[in-house]
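Notes to accompany the following structure.
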Amino acid sequence: MNKKGVVYLIGAGPGDPKLITVKGLECIKNSDTIVYDRLAGDRLLAFARPGTELIYVGKSPDRHTLKQDEINRLLVEKASQGKTIARLKGGDPFVFGRGGEEAEALSEAGITFEIVPGVTSAIAVPAYAGIPVTHRGFTSTLAVITGNEDPLKDDSGIQWEKIATGVGTLVFLMGMSNLPNITRRLIENGRSPQTPAALVRWGTRPEQQTLTGTLGDIGEKANKAGFTNPAVIIVGEVVSLREKLCWYERKPLFGKRVLVTRSREQASALSEAIEGLGGEPLEFPTIGVGDPEDYKPLDQAIDELSAFKWVIFTSVNGVAYFFNRLRRRHRDIRELAGSRICAIGPKTREALENYGLLVDYVPGEYRAEEIIAGLQGKVNAGERVLLPRADIARKMLAEALTGMGALVTDVTAYRTVMGGGDSAEIIRKLLNRDIHALTFTSSSTVQNFVKMLKFPDLKNLLAGVTVACIGPITSDTARDLGLKVDVVAREYTIEGLVEALLEYFRQPQYLAE
Ligand code: SAH
Numbered sequence: 015m016n017k018k019g020v021v022y023l024i025g026a027g028p029g030d031p032k033l034i035t036v037k038g039l040e041c042i043k044n045s046d047t048i049v050y051d052r053l054a055g056d057r058l059l060a061f062a063r064p065g066t067e068l069i070y071v072g073k074s075p076d077r078h079t080l081k082q083d084e085i086n087r088l089l090v091e092k093a094s095q096g097k098t099i100a101r102l103k104g105g106d107p108f109v110f111g112r113g114g115e116e117a118e119a120l121s122e123a124g125i126t127f128e129i130v131p132g133v134t135s136a137i138a139v140p141a142y143a144g145i146p147v148t149h150r151g152f153t154s155t156l157a158v159i160t161g162n163e164d165p166l167k168d169d170s171g172i173q174w175e176k177i178a179t180g181v182g183t184l185v186f187l188m189g190m191s192n193l194p195n196i197t198r199r200l201i202e203n204g205r206s207p208q209t210p211a212a213l214v215r216w217g218t219r220p221e222q223q224t225l226t227g228t229l230g231d232i233g234e235k236a237n238k239a240g241f242t243n244p245a246v247i248i249v250g251e252v253v254s255l256r257e258k259l260c261w262y263e264r265k266p267l268f269g270k271r272v273l274v275t276r277s278r279e280q281a282s283a284l285s286e287a288i289e290g291l292g293g294e295p296l297e298f299p300t301i302g303v304g305d306p307e308d309y310k311p312l313d314q315a316i317d318e319l320s321a322f323k324w325v326i327f328t329s330v331n332g333v334a335y336f337f338n339r340l341r342r343r344h345r346d347i348r349e350l351a352g353s354r355i356c357a358i359g360p361k362t363r364e365a366l367e368n369y370g371l372l373v374d375y376v377p378g379e380y381r382a383e384e385i386i387a388g389l390q391g392k393v394n395a396g397e398r399v400l401l402p403r404a405d406i407a408r409k410m411l412a413e414a415l416t417g418m419g420a421l422v423t424d425v426t427a428y429r430t431v432m433g434g435g436d437s438a439e440i441i442r443k444l445l446n447r448d449i450h451a452l453t454f455t456s457s458s459t460v461q462n463f464v465k466m467l468k469f470p471d472l473k474n475l476l477a478g479v480t481v482a483c484i485g486p487i488t489s490d491t492a493r494d495l496g497l498k499v500d501v502v503a504r505e506y507t508i509e510g511l512v513e514a515l516l517e518y519f520r521q522p523q524y525l526a527e
């Protein structure tokens, strides 16, 4: 039986990718084809399965990529081929999104479709600016109005004389180019020019900008500030609540786009922390991990595992590769019964605990030097120590242990490779000053970043960009490569790095303009 096509008309939310619904995200993950608009948030596309066909049909005010009937035809055609299509639209698909027209076309063609409502910008964008569209103390009515229509034309579909005074909160979408006419019409029809008004541009995104005034002066102010689409216009007493309720723009990393250079597998903790503080993480993996070129040394160590008095893990990847290999050799953690276990830091310890192993020693400070100091007296001369680690790990730990009389078996458990991030895209963003900070969590992230960018004048490219390093070794590497380091974490962990970045941006000169 042929697979039947289906189209999901999905509201992608107003811009913050986390404002997609659970159902919407599920559809993105399970679709063959994604047909998306300009305001549907590129970051959601990252959740598509590899190989998903991505079709941009974005309309912008001055450039129609595909006409509406062409979009309708495209959806019908793809669905007729038996495909599952995610039709991603900004906000909610049925709020000025022409979703109704697309659904009609599908219905007429006999195509199965579902509507996945979304978080509309009409409500969420004011909310992110600290403006509740209704409030018991201020208004009990709300209207969402298209600002697209020329308010001066006679056969207007909008009854200005009724909405001007008949509705408490007015939210206009697509209204920026008509702003002077909208405010004029409202005032002409009896709304007080003193009514508070706000414009919010690129709401729920790091670029969010808010302008407040009154119905009487907001047009003029917008003009002066060069305020353009996409923005929502909010008119009503509720706007005055912003002073108290403005929350998003006051978050410590608000407006900051921060580059995360860790491997894809390890990026998420840092990305989430940045996001939680109001910043936007941009992932550019400079490191990937892969199998060692030769598994023999690790295999041999695994065969002799019971002979090691200590096994020292220096990374989460080391733990993962070690235990995968153990499994592949049909062994399990019982082999470690006679060994003591050391982890370089809390994350590595957590990884070991996930395998059901308690760690005997974690140094107070997460560096090789500190491990050595701590192991003094714990490791005795003549005892065997296993170090399963990355191919490029520093030799220092092995040498120091040997110096203590230990018999060290230093094996490669995994290989670090250059990451697969899109360098051209990062260079473009840096040139546009769209990236505000870089984070480096190891020397190899810096080295690979510089190698991958291959940019002749790195100093200029990074002028004004905050460079943050997880610790002194990483920052030394960065400086050696000609980078100006602004932030070095005091505690050499992801939390420490985020804390240091936060402290840095708390300085008065960085607070939101
Ligand atoms: N279906 C969408 C609206 C589409 S019309 C929804 O429910 O949100 C496009 C208009 O929506 C834009 O002109 C602008 O007025 C508004 N808009 C959408 N996203 C926005 C955002 N992030 N910030 C400000 N306005 C936005």
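Our numbering runs 14 ahead of the 1-based position in the sequence shown.
All C-beta atoms in this analysis are idealised placements derived from N, C-alpha and C, irrespective of residue type, glycine included.
Classify residue i as helix, strand or coil using the three-state DSSP reduction.
i, result
"C260", "coil"
"K409", "coil"
"F454", "strand"
"V181", "coil"
"N363", "It is worth fixing the name first, because residue 363 is Arg in this sequence and not Asn. Note: R363 maps to helix in three-state DSSP."
"E253", "Per the sequence presented here, residue 253 reads as Val, with Glu not at that position. V253 falls in the helix class under three-state DSSP."
"L497", "coil"
"I172", "coil"
"Y70", "strand"
"V376", "coil"
"M15", "Here M15 scores only 48 on pLDDT, less than 50, and its place in the model should not be relied on; the value that follows carries that caveat. Correct three-state label for M15: coil."
"G304", "strand"
"G38", "helix"
"A211", "strand"
"T416", "helix"
"P295", "strand"
"E527", "Bear in mind that a pLDDT of 44 at E527, under 50, signals an unreliable position, so the model cannot answer this."
"S135", "helix"
"F61", "helix"
Following the continuous beta strand (DSSP E) through residue i, name the residue where it begins and the one where it ends.
i, result
"Y50", "47 to 50"
"Q223", "223 to 228"
"I145", "Per DSSP, I145 belongs to no beta strand (DSSP E) and is neither H nor E."
"F127", "126 to 130"
"T98", "98 to 103"
"R271", "271 to 274"
"A117", "First-last for A117: 113 to 122, but that is the alpha helix (DSSP H), not the beta strand (DSSP E)."
"Y22", "20 to 25"
With 16 as the cutoff for other CB atoms within 10 Å, does residue i come out buried or exposed?
i, result
"A438", "exposed"
"I34", "buried"
"R271", "buried"
"S456", "buried"
"N338", "exposed"
"A211", "buried"
"I24", "buried"
"Q222", "buried"
"V185", "buried"
"N86", "buried"
"I248", "buried"
"D308", "exposed"
"V431", "exposed"
"N331", "buried"
"N192", "buried"
"S529", "For the chain, the structure presents residues 15 to 527; residue 529 sits outside this window and is missing."
"S277", "buried"
Which one or two residues does DSSP pair with residue i in a beta bridge?
i, result
"P402", "V425"
"I355", "V325"
"C483", "F454, V502"
"T197", "Answer is none; T197 lacks a bridge partner."
"T160", "L187"
"Q390", "V393"
"I247", "F186, L213"
"V431", "G302"
"T153", "H149"
Please list the terminal residues of the continuous alpha helix (DSSP H) segment that includes residue i.
i, result
"E234", "232 to 239"
"I508", "508 to 519"
"A438", "437 to 445"
"Q82", "82 to 94"
"V333", "330 to 342"
"L284", "281 to 290"
"I316", "310 to 317"
"N474", "472 to 475"
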